[in-house]
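A.B. asks: Structure in structure tokens, see below.
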DNA sequence: ATAACATTTAAACTTAACTCTAAGTCAATA
DNA sequence: TATTGACTTAGAGTTAAGTTTAAATGTTAT
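Residue numbers (my numbering), protein chains in the order written: chain A, 1 to 117; chain B, 118 to 234.
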């Protein structure tokens with residue numbers, strides 16, 4: 001797949017895809033004879049994974065670390081698992097906080113409802 | 118209360134408090150005879166509200182709009198309510214997305230568990 | 001085979017949201 | 001009363017995460 005196709009499929013700009021690869025957030029994508037990126041299915045899976053994790057607030061920094069460990073092979077499994085657990089726990093706290101704020105917003109909206117009908 | 122006290126109480130730097138006031142994200146705080154900020158209880162309530170809403174991801178831009186409407190008086194109630202509803206709905210979607218990612222992380226962590234124990 | 005368009009790289013630029021600096025004022029303390 | 005330390009403003013600097021630009025090369029449709 002070309003960068004344009006991947007960009008469209010995952011709704012991430014080609015610029016961002018190149019940027020992610022440049023900083024090591026995506027494993028290096030193979031080029032064809034003329035130097036143009038040709039994304040494999042595994043590349044696409046990484047793109048999708050990164051998109052999902054970024055949208056959940058995981059920092060680029062921590063994801064670079066995760067990918068770097070992945071590329072070092074199976075002996076990094078424990079370390080990778082620890083990263084995921086740490087991020088998972090942060091996410092739980094975050095969701096909790098957001099739910100509290102949601103309740104607060106709901107309450108405030110109700111107050112407005114009392115006069116503004 | 119002085120800016121240092123408010124800063125400590127809400128864990129927001131004095132720089133940030135001044136910055137928020139400067140850009141209209143906080144209503145202008147009264148100064149004493151020598152020009153030093155003296156935060157009233159209402160000021161503090163705003164600080165706490167802003168902190169909470171920012172941490173939930175509401176943009177500074179939308180909060181400035183909300184506060185600006187507030188300062189224009191009761192006839193802006195409907196508009197303010199609409200802002201809150203819009204942000205509340207965005208927040209619900211966000212929480213939903215985060216919960217899905219949380220499930221995915223949990224699943225991945227379990228996969229790691231299978232070999233790395 | 002030439003115009004029009006996509007891709008490449010490196011590097012500069014942008015944006016949101018702060019954060020720091022400089023130069024000055026003011027209040028409390030030694 | 002001299003110094004120490006918090007506060008003031010305006011404006012410059014920082015950070016994370018892209019986005020845009022420039023200059024070159026490659027590809028496709030006529």
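Quick reminder that beta carbons are idealized off the backbone N, C-alpha and C, glycines included.
Quick check on residue 145 of chain B: does DSSP put it in helix, strand or coil?
C.D. replies: Note: residue 145 of chain B maps to coil in three-state DSSP.
A.B. asks: Is the stretch 118 to 128 of chain B touching the stretch 92 to 111 of chain A in the sense that three or more CB pairs, one from each, lie closer than 8 Å?
C.D. replies: no
A.B. asks: With a cut-off of 8 Å on the beta carbons, I'd call residue 44 of chain A and residue 221 of chain B a contact; round off their distance for me.
C.D. replies: Residue 44 of chain A to residue 221 of chain B, Cβ: 16 Å. No contact.
A.B. asks: Can you check DSSP and say which residues form a bridge with residue 154 of chain B?
C.D. replies: Answer is B/148, bridged to residue 154 of chain B.
A.B. asks: For residue 172 of chain B, go through chain A and note every residue whose CB falls closer than 8 Å to its CB, in chain order.
C.D. replies: 97, 101
A.B. asks: Between the alpha carbons of residue 155 of chain B and residue 86 of chain A, how many angstroms are there, rounded?
C.D. replies: 41 Å
A.B. asks: Should residue 210 of chain B go down as buried or exposed, given a rule of 16 or more other Cβ atoms within 10 Å for buried?
C.D. replies: exposed
A.B. asks: Tell me which residues of the stretch 190 to 202 of chain B have at least one Cβ-Cβ distance to chain A shorter than 7 Å, keeping chain order.
C.D. replies: 194, 195, 197, 198, 201, 202
A.B. asks: Tell me the rounded alpha-carbon separation between residue 22 of chain A and residue 16 of chain A.
C.D. replies: 10 Å
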